[in-house]
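Here is the structure we will look at, set down as C-alpha cells.
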Amino acid sequence: MENLIALLVAAPLLGAAVLLCGGRALDRVGHLLGTLLAAGSFVIAVVLFSDMLGKSPEDRTFSQHLFSWIPVEGFQADVAFQLDQLSMTFVLLISGVGTLIHIYSIGYMEHDERRRRFFGYLNLFLAAMLLLVLADNYLLLYVGWEGVGLASYLLIGFWQHKPSAATAAKKAFLVNRVGDMGLSIAIMLMFTTFGTFAFGPVLDSVGDTSEGKLTAIGLMLLLAACGKSAQVPLQSWLGDAMEGPTPVSALIHAATMVTAGVYLIVRSGAIFNAAPDAQLVVTIVGAVTLLFGAIVGCAKDDIKKALAGSTMSQIGYMVLAAGLGPIGYVFAIMHLVTHGFFKAGLFLGAGSVMHGMNDEVDMRKYGALRKYMPVTFVTFGLGYLAIIGFPGLSGFFSKDKIIEAAFAKGGTEGWILGSVALLGAAITAFYMTRVMIMTFFGEKRWQPDAEGHEPHPHESPSSMTIPMIVLAVGSVFAGGFFSIGDRFLNWLEPVTGHDHGHAPISAGVVTGATMVCLVIGVGIAWLQYGRREIPVVAPRGSLLTRAARRDLLQDDFNHVVLVRGGEHLTRSLVYVDHTLVDGVVNGTAASVGGLSGRLRKLQNGYVRSYAVSMFGGAAVIVAATLLMRAV
Amino acid sequence: MSFPLLTATAVLPAVGAIATAAVPAKQRTAAKWLALLFSLATLVVAAVVAVRFDPTGDRYQLTESHAWIEDFGVRYELGVDGIGVALIALTALLIPFVILAGWHDADPQETGAESLGSFAAGRWRPTQGFFALILLVEAMVIISFEATDVFLFYIFFEAMLIPMYFLIGGFGDRAGPHGEKEAATQRSYAAVKFLLYNLVGGLIMLAAVIGLYVVAGSFSLSEIAEARASGSLDMATNTERLLFLGFFFAFAVKAPLWPLHTWLPNAMGEATAPVAVLITAVVDKVGTFAMLRFCLQLFPEASKWATPVILVLALISIVYGALLAVGQRDIKRLVAYASISHFGFIIMGIFAMTSQGQSGATLYMVNHGISTAALMLVAGFLISRRGSRLIADYGGVQKVAPVLAGTFLIGGLATLSLPGLAPFVSEFLVLVGTFTRYPVVGIIATFGIVLAALYTLVLYQRTMTGPVKPSTEGIADLRVRELAVVVPLIGVLIFLGVYPKPLTELVNPAVKHTMSDVQKKDPKPEVEAAHK
Amino acid sequence: MSTPTVHSLWTTAAEPISKIDAPKIEYAQLSPTLIVIGAAVLGILVEAFVPRKSRYYVQAFLAIVALAAAFAAVVGLAAGGYGTTKAHIAAMGAIAVDGPALFLQGTILLAGLVSIFTFAERRLDPEVHGNRVDSFAAQAASVPGSDSEKAAIKAGFTTTEVFPLALFAIGGMLVFPAANDLLTLFIALEVFSLPLYLLCAVARRKRLMSQEAAVKYFLLGAFASAFTLFGIALLYGYAGSVSYATVASVVDGSVTTVDPALADTMGNDALLLIGMALVVMGLLFKVGAVPFHMWTPDVYQGAPTPVTGFMAAATKVAAFGALLRLLYVVLPGLRWDWRPVMWAVAIVTMLAGAIVAITQTDIKRLLAYSSIAHAGFILAGVIATSPDGVSSVLFYLAAYSFVTIGAFAVVTLVRDAGGEATHLSKWAGLGRRSPLVAAVFAVFLLAFAGIPLTSGFAGKFAVFKAAAEGGAGALVVVGVVSSAIAAFFYIRVIVLMFFSEPKADGPTVAVPSPLTMTTIGVGVAVTIVLGLAPQYFLDLAGQAGVFVR
Amino acid sequence: MNPVNYLYLACLLFTIGATGVLIRRNAIVVFMCIELMLNACNLAFVAFSRMHGNLDGQIFAFFTMVVAAAEVVVGLAIIVSLFRSRHSASVDDASLMKL
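Residue numbers (our numbering), protein chains in the order written: chain A, 966 to 1596; chain B, 985 to 1516; chain C, 23 to 571; chain D, 2 to 100.
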C-alpha cells in the first residue's frame, strides 16, 4: 500500500513528460490525458486516505524509500517519501482541487493553440507540489519547492507574447529565489547542526541544540515561507502573478502553492516551538501581511488582483496561526483547506466572468452580471459568504478559530494579534462585498474591448461550471464538517500536537466580535458601492487608496532600490571590468610595447654608436669586475 | 603488461586528428564524418576505462609507467582516480556533440576563403583543420587528466594552448556585432589574449615546476608523496608556498579565477559556440582539476595557508561574474561571465577542504561542462540563424521556434541550478561543504543562486519571450542534427540530477584520498542526530 | 725589475736553441679540422684552375663531401672514446680533444652541412639569361648596377668562392671551442671571423645593404677582437703564459714554481680581472649578448639569408663553446668575480632581446633579436657552473642551431619581385597561400617560443633547470618573464600568417630544390625529435659535459 | 728602464686607437685606429714577455701581425667595394639598416 505513494508523484510527472515532449500529435488528446493523470493521482490519494483511516492514529505515518539520491562522505540525501496526516491533507487538497481545475481548464483554454503545453505545465506543477508535501527530508522538499516555483514561472508566463506576463513570471521566480535562499541556508544550518536534514532526525533532536541555532533556522525557514506564500516583505510578486491564466491563479496562487509556506512552518513546528523569538516574528509577519493584503484588496479594481490581495491576507491568517505554535497549527491548516475551496471557487468564478466579458478584468466595467451568469453568481456568492466568514460556512469556522487562538496566545501579544485578526475580518468583509457588488449588482457598466466588440456575457460551459459548483459545495460545508466533533483537530493532532492555550475571553465573545466586524465591513461596503453609482473611471481617491492601488508603494520601493540600484551596480561593474581589471593587463602590455619602441631607437644604424655601446659595455664590465673585488 | 588503455584514450583522438587533417581538401564531409567517428570511438574507450575503474580499488588505477627523459627525471606515467575518470568521461562525451554542433562552422565559404581568389583555395582546408584541432585538443586534455607525472602534465597543459589558439583565432562567427572586418580583428585579439594569459600562467608554473624538481628531485606524484610521507622530503614553508603560488597562478588563469578572468569573455565571445564550449567545458576544467590533483597533493600546507585568500577570490568570482553576466548585451559573453561565476563555486568547493565541498566541486566540473554545453550550443544554433550575438536582436523566439526556446530554457535552468537538474546537486554540495567550515562564505555564496536566476531569466525573457520582432521572424526551429546534439545533453542533465549516485560513488574515494593528503577532517555536526 | 734578470733572460733565451724538438701533432684527433681546412684550400685551387661553368658543382660537391667526412671523423673520435675516457690535450697543448669539443664540432659540422645546402640552392630566383642563380652576387667586386655587374650576370658568373670561405669559417669554428691556449683561441677567432665578413658582403639582391652589413660587421668585429687581444695580453702578463692550464693554475694559485717575475705580476689582480673582462667581452660580442649585440640585427638583415642562417647558428655554437671552456677551464678560480657580471649580462640580454623584438617589422631583424634573447637564455645555463650547466648549454645549442637554420631557410622561400620579402606585412595570410610552409615556420616559431613538445622547450627547460640547481633561481624567473614577452612577438607572426587576410600583391612562395627542402626537413625533424624524445641527445650532451684540462 | 712604462704606453696607444674608432668617420681611418689598437696589444705582449722572461709574448706578437695583415686584406676589400658603390667611405653614410 505504501508503495503507492510514489505513484502520486509519478502520475502527473509522467503526464508532464509526455505532454511536453510529445509533439503536436498529442494536441487533440493532450488535455484529456493531463486531466486523467491528475484524476489518477487523486484516486490514489483517496485510496491511501481510506487505508490510513483504517489504521490507528499512531501508525498513520506511511513512508517509502525509493533510492539514495546524493550519497557523499558524511552527507546522505535520499529520495524518500513520508505520508502522514498532514501530508495526506495536502495531497487530497492538491490532487482534488488540481483535478477540478484541470477539468475547468479544458473549457477555459479551449481556444488556445498551446493548450497541450498548458496541461503539461499543470501536471508538472501537481507533481512538484505533491513531491513538496510528500518529501521526508528538507532537501527533497527543496526540490519540490523550486519545482512549483518553476511551474508557476511557466504558467504565469504562459502567454509569453505579452511582455507583462513574461516580466511577472520572471519577477515571481526571482522573488521566490530569495525565499529559496532562506530555505537552502536553513538546510545548511540543519546539516551543520544535526548532520542531517531528514524530518525525523532533525525534529526529534531539536532538544539537543541551542535556541540561537534554532531561531536562526526558524527565521530562514520563515524567509522561505515568505517567498512562497507571498508574505511581507516578499509579497510583491503575487499581484503581478495574476497575469497568468485564471485557472493557474486559482490553483497555484490561491489554493495550493502559496500555502506551501504554511506547510513548511507547520511541518517544522518542533523547531519553532523551541524558538519563541522565531515564532514571534512569524506571527508578526502574518499579522502585517494580513492587514497589508486586505488593504491592497480594498483598492484594486482588477478583480483578480483584488482576489490576490485577499489571498495574501488569508494566508496571513494562516501564518499568524502557525506562528502561534501548537495553539494554532491545526487551525492554520484547517483555514488553509477551507480557503483552498472558497478561494479557488472565487477565482474560477472570476475566470468565468472574464470568459463572458471578453477577458475584461476591471470590475468598474462589470455590473449587473447576476442575471446573465446565474451559476457563476451563485457559486461566487457562496464563496463570498464563506470567505467573509458568514456563520455556518467554511470560513466562519476556520477563521473564527484562528482569531480565538490569537487571543489565546495570551498577554499583550495575544490582545494585539487578536484585534488585528478581528480588524482583518472586518476589512475582508468590506472588500469582498465590494467585489461582489461591483461585479454582480448595480447597473451595467460594460465597455467595448480594444477591438470594439461589445461584451455579450453568457454562462460558461459545463466543463467550467461543474468544478465551480463542486468547490462551492466544499466552501459551504467543509468548515462545518471539520469542526463538528473536532474531526480535523483529532485528525491532525498526532502530527502537529495541540494546545488550547488560555483564552482571556470566551469563544462566544470572540465569535460575537467577529460577527460585529463582519456586519460593519459589509455595511460600509454597501454604503459606499451599493447605494451610489460606481464611476467607470476610478476616482483619484485618498492617499491611502492610491498607495494601496500601487501595492502600498512596495513595488516602487523595489524598483528604485533594487532594480535601479542593481542596474547602476552592474553597469559600473562592466565598466570596471573593462577599464580596471582588463586595463591593468593591457596597460602593462602597452608599456612594454612603448619601452620596446624607445629602446629600438638606440639601434640607429651608425657603426660608431654601436662601437660606443661596446666600449661603454666593456668599461662597465671592467669596472664591475674590479668593484666586485673591491667590496 | 596489459593493454595501455589510458594511452589509447589519448592516442585515439590524436590519430583521428592526423587522419582528419590528411583528408583531401575537397572531401570536407568525409573529414567531418571521420572526426565524428574517432570522437565516438574515443567515447567508447573512455567508457571502457570508466567500467574497468574500480572505485573501491587503489587510488590510481590502469597505471602505465615508462622511462621518458631520465635527465629531467621525467617518466611517462599515467593513472586515473575517480576524479580523472569522471572528467575523461565528460571530455569524451562532449567532443562528439561539439563536432556535431560545429558541423558547418568551418565550411570554407563561411570563413571567407574565397577572398583568396583562385590561387590557394585548393590547398586551404579549414574544415579538416577545424575538426583535426578539436580532436587534438581532446587528446591533450585527456592525457593531462591522466598524467601522474608533473612534467608530463605540464607539457600537455601548455601544448593544448596551441590548437585552442588556432581554434579561437581561426574560426569565429562571421558577423560579430560590427561586421566582418571588425570581427576578424576582435577574433585574433581574443585568440592572442587567450594564449598570452595562459602562456604567462604556464611559464610562471614552469619556474615552479623546475623549483619543485630542485626541491623534490622527482616529478612523479607517487614518489613525491612517498618522500613526504617518509619525511625524507620536507619543504621549507616558504619554498612550498612559493611553489604553490607558481602552480596555482597557472591554474587560476586557466580556471579562470577573478581577477585573471578577462580572457574568457573575449575568447568565448569571439569563438564559435562549439569552440566556446570546448574552452569552458573542457579545457578550463584542466585548471580546476589540477588544483585538486596537484596543488592540494603536492603542497597541502601551502594550500591550507592560502585558503582564506582563495576563498575570497572565489567569492568575488561568484558574485562579480554573476553581476557582470546580468550587465552583458552579448549572449555568448553572458554565458562566459556565468561560467566565471560557476568556476568560483568550483574553486570554493575545492578549497573549502570538506568531503562535500570537494565531491561537489568535482561533480560541478562535470555538470557545469554539460549544462554550459547545452546552453551555449543552443545559443550557437540561434546565433547561426541570425548571425548576431546581441541579445537586443532577438525577441519572441519561442513563438517561431518553440523547441529551440524550450531547450534554451532548460539549459538556462540548468545554469541557475534548478533542483532536478544535475548542477543543483553539485552546487548544493559545494555550498554545504563550504558552509560547514566557513558559514559566512557559504551564506554570501548563496546570493549567487539568486543572481544566477536573474541573468538566466533576463536572457530568456529578452530573447525568447515578448512579441515576435521583425528580426526574429522566420527563424527556423531546431533541425534534426541540432536536436541530436541537444536532446542527449539534456537527458544527461536530468539523469545526473535525479540519480547522481554513479558519479558520486566514483568520486568519493578519490576525495577521501585528497582529504587525507591535506590532513583535514570534516567538521563534526553539533549534535549526532538521533537515528542517522 | 733590475739588470740581472736581463742577463738571465739572454742566457735563458740563448740556451735552449740547441734542443728544439719537433712538435708532435696527433693528426688523427685533429682530422675534422684538418679535413675542413684542407678542403677549403683545395677549394681555392679549384677557383684557380677549374673552368667557371663547372666550378659551382665542384665546389658544392667538395664542400659537402668535406663536411660529411669531417662529421664522420668526429663521430669516429667520439666513438673512439675521445670524448670521455681518452679525452686529452693535443697538438702540444694547443687543442683540447674532449667531450664538449667533439660535441660542438659535431654540431657545427652538421649545421654547416645543412647551411651549405642553402648556399647551393639555385631554384629560388628565376633564371637570368638561362643561368640558374643562387643567392650570391655574380661578381662581388663589381659595383652594384654597373655595366661590369651586368656583364658578369650575362656571363652567368657566380661567386663560388663562398664555399671555400664557408669552409674556412667552419674550420675556424671547429678550432674555436677546442682551443686550449689563448693564442689558438685568438687565431681561431680571426680565422672564422674574416671569411664571415666577406660572406656578408656578397648578396645578389640588395647589395648595398649587404656591403653595409659587411662593413659594420667587419669594423665592429675587428674592434671587438682588438679588445680580446688586449685582454689576452693582460692575462698573459698576469700568468706569464698563454696556455689554459698554466693560466688556470696561476689563477687558482695551484701553481708550483713561482719565479719572482710571476710573483710580481700575480700580485696584481687588476691585470687578471681586466684581462678576463676584456676576453669575455670579445666572446660575448660573438654570441651577441647585450650590450655587445648591436651588430646582430643589421648584419643579420643585410647578409645573404643563407649566410645569416649559418652565422646565427654556427657562430653562436662556436662562441659559446669557447666561452664555456674559458670560464670552466681557465677561470673557475674567479667564479665569484665573473658570475655576478654574467648574471647582469644574462638578465639584460634576455629582457632587451625580447622587448626590442616586439616592435620589429622585418622578419630577419626579428629573428636577430630573438637570437639575442636566446643568447641570454643560454648564458643562464653557462652561469650554472656545473656539469649539468655545460651539458644543458650543449643541448640547447644543438637544438637552437637547427631551428635557426630552418627558420632562415624558410625566409629564403618567401619572395616577391625584389627578392626575399622580409617585411612582416608581406607575410600576412601566408597560411592561406601555402599552409605547409606557414605551418613549418609556425613550428620553428613555437620552438623559439619554447612551447612544449618542441626542441625549444626541452632546451629551455634543461638550461633553466641547470640554472636553478646552480642557485640562479632569480635568473630562471627573469628568463620565464622574458620568454613570456618573447612569446608575444612569435605569436604576432603566427597571427599574421594565419589570421589576417592575404594581400592581393603578396609574395609568392618559391618551390625549392631538394637541397633547401633537406635543410628545412632536417630542421623540422630535429625540432620535433628533440622535443618528443630528447633523452638520447641529453645523454650525449651529458657524457660530453666534462672539459679536459 | 722599467718595462712597466711600456705597458703604460701600450694602454695609451690602445685608448687612442679606441677613441679614434669612436670619433672618426672615414672607414679607412677607423680601420687604421683598430690597427693601432692591435699594435698596442703587441707592445703589451712584448713588454710582458720581457718581464716574464719567456718567449710566448713575442711569438704572439708575430701572430698578431699576421692576423692584422689578413684583416687588412679582408677589410680593405670590403671597404673599397663599399666606397666604389657609394662614392664615400664615411661610416655614417652606411646606415640603411636601423631600428
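All C-beta atoms, glycine included, are put in the ideal place defined by N, C-alpha and C. Keep in mind the model is a prediction, meaning the values are calculated, not measured.
Residue i vs residue j beta-carbon contact at 7 angstroms
i	j	result
residue 215 (chain C)	residue 324 (chain C)	no
residue 1053 (chain A)	residue 1014 (chain A)	yes
residue 1218 (chain A)	residue 1080 (chain A)	no
residue 1539 (chain A)	residue 1051 (chain A)	no
residue 1506 (chain B)	residue 1039 (chain A)	yes
residue 1133 (chain A)	residue 1125 (chain A)	no
residue 1320 (chain B)	residue 1248 (chain B)	yes
residue 1068 (chain B)	residue 1258 (chain B)	no
residue 1225 (chain A)	residue 1265 (chain A)	no
residue 984 (chain A)	residue 1084 (chain A)	yes
Where residue i meets chain B, residues with beta-carbon distance less than 8 angstroms
i	result
residue 1131 (chain A)	1445, 1449, 1450
residue 1115 (chain A)	1397, 1402
beta-carbon residue i near the ligand ZN non-hydrogen atom, thresh 6 angstroms
i	result
residue 1511 (chain A)	This structure lacks the ligand ZN; in fact it carries no ligand of any kind.
Integer-rounded CB distance, given that residue j should sit under 8 angstroms from residue i
i	j	result
residue 1466 (chain A)	residue 1373 (chain A)	3 angstroms
residue 336 (chain C)	residue 397 (chain C)	Their Cβ separation, rounded to whole angstroms, is 14 angstroms, which puts residue 336 (chain C) and residue 397 (chain C) out of contact at 8 angstroms.
residue 569 (chain C)	residue 420 (chain C)	Not confirmed; about 17 angstroms, so no contact.
residue 1447 (chain B)	residue 1381 (chain B)	6 angstroms
residue 1345 (chain B)	residue 1330 (chain B)	5 angstroms
residue 1307 (chain A)	residue 1239 (chain A)	Not confirmed; about 34 angstroms, so no contact.
Three-state class that DSSP yields for residue i in the structure shown
i	result
residue 1102 (chain A)	strand
residue 1401 (chain B)	coil
residue 530 (chain C)	strand
residue 5 (chain D)	helix
residue 1060 (chain B)	strand
residue 1087 (chain B)	coil
residue 365 (chain C)	helix
residue 1034 (chain A)	strand
residue 1340 (chain A)	helix
residue 1096 (chain B)	Legend: pLDDT at residue 1096 (chain B) = 46, less than 50; position of this residue unreliable, value from coordinates given subsequently. Looking at residue 1096 (chain B) - three-state DSSP - the assignment turns out to be coil, as it is neither helix nor strand.
residue 1046 (chain A)	strand
residue 949 (chain A)	What is shown of chain A runs 966 to 1596, which leaves residue 949 (chain A) out entirely.
Residues bridged to residue i (per DSSP)
i	result
residue 1040 (chain A)	A:1037
residue 253 (chain C)	In DSSP, residue 253 (chain C) forms no bridge with anything.
residue 96 (chain D)	For residue 96 (chain D), which the question treats as bridged, DSSP gives no partner whatsoever.
Contacts that residue i makes with chain C (C-beta to C-beta distance below 7 angstroms)
i	result
residue 1187 (chain B)	502, 505, 506
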